[in-house]
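Asker:
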Amino acid sequence: MKTLCLLLLFGPVLAFSQTWPLLRTVDGDNFESVDALLPLQNGETIIAGTYFGSSAFPDGTPSSGKADLFLAGYDANGDLNWFLEGGDQENETVSGLAELPNGDIAIAGSYWFSLPLGDTILTTGSSVRSLFVARFTPQGHLVWAKRLSGDGLKDIADVGVLPDSSIVIAGFFRNTLELGDSTLVTEAEPGSTSLFVAAYAPDGQLRWVTQAGGEDDLRITAMAVDPEGQIGVGGNFNGVSQLAGTTLDAGFFNQDVFLAAFSPTGIPLWARDLGGVIDDNLQDVAIDTAGNLYATGNIIGVMNLSEEISIESSNGNDDCFLVKYSADGTPLWGRALGGPDVQDGLSVAVQRDFVVIGGGFQGSIGWDGLSADVGEDGIIWGLIAAFTPDGDARWLRTLPTNDFGLIECLAFSSDQQLYAGGSFGNTGAFNGETIPSDGPNSGFWGRLSDLLSPIPMDAEAEATPIVAFPNPTKGEVQLTNIPMEATVSIFNAMGQCVQPSAPANRPVDLSHLPEGWYVLRVKNELGAIRTLRVLKQ
C-alpha cells in the first residue's frame, strides 16, 4: 500500500489550491477499489472495498478468487491502524458502512461460498452466493455477523443505523430471502425481484423486515437514514408495482427510477416514480437533517419529477442527474448535468450548506459557468461537484487520469469535512502530481480541502450575512458585516486560489483578474468560514 500525505501549505503567493490535503492510495499489483468510506466521530476513518491480486496492505494475503473484500481503519493522520481481508473463489462486494452511537462499525455486502470475518467464517447456506451484515468495534474486532441466503438473485444496497442503534439494510431479492429463522417469499411475478428493508437489533437479532413487489423488477439500489430514523431509499423498477399506496408504472417497457421513505419501524410512508421514456438508473441517495432526500444516477432523455418539474439529458448519451425531494415526498427540484459524451453520477453526500455528487465523465461537461474537458476520446475522469441546497452550482473538481477515474463514495465527517474514495487506472493526478498505479488500477481515499466544505458560522453571524458591494464589479468590492479579525481569500470557478488571505475589512481588489465568477472565502478568528460569489466584469 502506498501512503502519500499532501499537506496544505500557504506561502506568499499561492497559485494553486490543493484539493486533497490528505490522500491515501490502496495499491496492490492488480485491481483495487475503495467502495465505501466512513469518517468516525473520533476523527479516524474506515474504508472498505475489493481487491484482486496481491494485498494492498503490509503482510496482507493475496485474493483467494476474483475479488476479495477488505475493511481497514486509519487514524486521524491517515496512518493505517488495522485491516481485515477475506473472500473465496468469486467476486465479493461491499455495499456500505455506518457508525453506531458507541463508535462501532456496521458493514454490509455479498460473498460467494464462504467469507472469513475475523475468527468467524460465514457460509452461503441454500445458495452459492449470500449477503451479509456485520458489526465491528472501531479496532476491527467482530461483534457479530449475519448471513442472508435464499434461492435467486439478491443484493444489499447499503447499511445504516437507526436512533436506537438498530442496524438497517435494504436491497432486493428474487424468489426467497432467508434472514435467520425468517424467510421472505417474493411478491413479484416469477422471475422478477422484490425490494426489502430489514432492521437488526444491536445484538444482531432480526427486529423487523418489510418487502414489496409487483409484476416486474422492483429494486432498492441506495439507502440513507436521517437523524430521526426515517429511511430514504431509491432504486429502479420495470412494469407496475404498488408501494406505500402509490402505483409505480414504468410504462413503455423501460426502466424507471423511484424514491421512497420508510418509518423507523419499516412502515412505507411514500413512494414516487421519476418516470422517463428511456432507461434511467439510480446510483445513490443522501438525506439531510430535515429529512430531504437527494438522489443521483444517470439519465437518457426526459425524467419527469412532477407535472411542473422535468429534466432532460443534453443528447442521447447518459447525463448525471441530481434531484431533491422533501421529507414528505414532494419533488423540489432536479438537474441534468453533463455534456455531449457519457457522464455517470455514482455517489452523493449532503451537509447543511452543500450537496455534493461524485462520479465520472468523458469528453466535456459544463453547467452554471463551470466546465471541464477530458480532451481525449475513451478516457474517463473522475468528478466531484457541489451545489447549494437549492440546486445552484458552487464548484467543480476533476480527477484527471490517462485511463479512467471514478469517485465512487463520498461522506462528510462530524466537523463537516468532505471525504471521497474510488479508483483510477494507470495514473491519477492529485494536486497537480501524477501518481502511478502498481497494477492496472488503484483504489484511493482522501479528505478534500476545507475550502470546499466550509464550516458554518454561528447563528448570530448568519443573522447578519456578509454582503459584497458592488456586485457585479469591474474592480474592488467592499465587504459588509465582517466578523472581527476576519480574512478573505479569492478563488476562481475551478477552486484555484488566485489571492491568498488578506484582511477582510479592506477593499477586495479583483481588477487584475479575468472576467468571470469568483468565490470569496471569509474566515473568522475561530476558523468558521463563509463564502459568497462575486461576478467580475
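Residues -15 to -1, 1 to 522, numbered by mature numbering (1 follows the signal peptide of the UniProt record, and there is no 0), are exactly what the sequence shown covers, in order.
Built from N, CA and C at the ideal position, the CB exists for glycine as well.
So what does DSSP say about VAL262, is it helix, strand or coil?
Answerer: coil
Asker: Between which residues of its own chain and ARG320 is the CB-CB distance below 8 Å, once the five residues before and five after are set aside?
Answerer: Once the five neighbours on either side are set aside, the close Cβ partners of ARG320 are ILE296, PHE306, LEU307, VAL308, TRP352, PHE372 and GLY376.
Asker: Cα separation between GLY276 and GLY431?
Answerer: 27 Å
Asker: Is the beta carbon of SER18 less than 8 Å from the beta carbon of GLY428?
Answerer: yes
Asker: May I have the straight-line CA-CA distance separating GLY501 from PRO425, to the nearest angstrom?
Answerer: 39 Å
Asker: Helix, strand or coil, according to DSSP, for VAL19 in the structure here?
Answerer: strand
Asker: Evaluate PRO187 with the Cβ neighbour count: other Cβ atoms within 10 Å of its Cβ, from every protein chain shown; 16 or more gives buried, anything less gives exposed.
Answerer: buried
Asker: Expressed to the nearest angstrom, what Euclidean distance is found between the alpha-carbon atoms of ASN289 and ARG204?
Answerer: 19 Å
Asker: Which class does residue 576 belong to by DSSP, given the choice of helix, strand or coil?
Answerer: Because the chain is modelled from -15 through 522, residue 576 falls outside the range shown and cannot be assessed.
Asker: If you follow the beta strand (DSSP E) that GLU84 is part of, which residue opens it and which one closes it?
Answerer: Counting along the chain, the beta strand (DSSP E) containing GLU84 begins and ends at 78 to 84.
Asker: Touching or not, the stretch 60 to 78 and the stretch 114 to 125, by the rule of three or more beta carbon pairs under 8 Å?
Answerer: Taking a contact to require three or more Cβ pairs closer than 8 Å, the stretch 60 to 78 and the stretch 114 to 125 qualify as touching.
Asker: Looking at the structure shown, is ALA256 part of a helix, part of a strand, or coil, going by DSSP?
Answerer: Three-state result, ALA256: strand.
Asker: Can the beta-carbon of LEU464 be found closer than 8 Å to that of VAL504?
Answerer: no
Asker: Quick one, which of VAL210, ILE216, GLY219 and THR232 has its alpha-carbon nearest GLU200's?
Answerer: THR232
Asker: Quick check: does the Cβ of LEU520 come within less than 7 Å of any heavy atom belonging to the ligand FMN?
Answerer: For the ligand FMN, the structure offers nothing, since it holds no ligand at all.
Asker: Report the three-state DSSP secondary structure of LEU368 (helix, strand or coil).
Answerer: strand
Asker: Three or more C-beta pairs under 8 Å: does that hold for the stretch 334 to 341 against the stretch 392 to 406?
Answerer: Between the stretch 334 to 341 and the stretch 392 to 406, the count of Cβ pairs shorter than 8 Å is three or higher; the stretches touch.
Asker: How is ALA91 classed by DSSP in three states: helix, strand or coil?
Answerer: strand
Asker: Any idea if VAL473 is buried or exposed, counting beta-carbon neighbours within 10 angstroms, 16 or more meaning buried?
Answerer: With 16 or more other Cβ atoms within 10 Å, it is buried.
Asker: Go ahead and pull the three-state DSSP assignment for MET469.
Answerer: coil
Asker: Any idea what DSSP makes of ASP44, helix, strand or coil?
Answerer: coil
Asker: Would you grab the beta carbon distance between GLY103 and GLU77 for me? Rounded to a whole angstrom, and I think it's under 8 Å.
Answerer: In fact, because the Cβ distance is near 15 Å, the residues do not count as touching under 8 Å.
Asker: Under DSSP, the beta strand (DSSP E) around ILE285 begins and ends at which residues?
Answerer: For ILE285, there is no enclosing beta strand (DSSP E), since its DSSP letter is neither H nor E.
Asker: Does the Cβ of ILE106 have 16 or more other Cβ atoms within 10 Å, making it buried, or fewer, making it exposed?
Answerer: exposed
Asker: List in chain order: all unbroken beta strand (DSSP E) runs of 3+ residues lying wholly within the stretch 158 to 194.
Answerer: 161 to 164, 167 to 170 and 178 to 185
Asker: What did DSSP end up calling ILE451 once you bin it into helix, strand or coil?
Answerer: Reduced to three states, the DSSP call for ILE451 is coil.
Asker: Is the beta carbon of PHE339 sitting closer than 8 Å to the one on ARG379?
Answerer: yes
Asker: Quick one: Cα of LEU437 to Cα of CYS482, how far?
Answerer: Straight-line Cα distance between these residues: approximately 11 Å.
Asker: Between ASP202, LYS131 and PRO385, which lies nearest to GLY417 when the distance is taken from Cα to Cα?
Answerer: PRO385
Asker: Going by C-alpha to C-alpha distance, which of THR171, PHE476, ALA52 and PRO488 sits closest to PRO499?
Answerer: PHE476
Asker: Using a Cβ-Cβ cut-off of 7 Å (strictly less than) and excluding sequence neighbours within five positions of SER80, which residues of its own chain qualify?
Answerer: ALA93, GLY94, ILE141, ALA142, ASP143 and VAL144
Asker: In whole angstroms, give me the CA-to-CA distance for GLU393 and LEU54.
Answerer: Taking C-alpha positions only, GLU393 is separated from LEU54 by approximately 16 Å.
Asker: Looking at the secondary structure, which residues open and close the beta strand (DSSP E) in which ARG120 lies?
Answerer: 114 to 121
Asker: Helix, strand or coil for THR315, going by three-state DSSP, please let me know.
Answerer: coil
Asker: What does the alpha-carbon distance come out to for the pair GLY58 and ASN87?
Answerer: 16 Å
Asker: For PRO253, which option in ASP264, PHE238 and ALA229 has the closest C-alpha, if you only look at C-alpha atoms?
Answerer: ALA229
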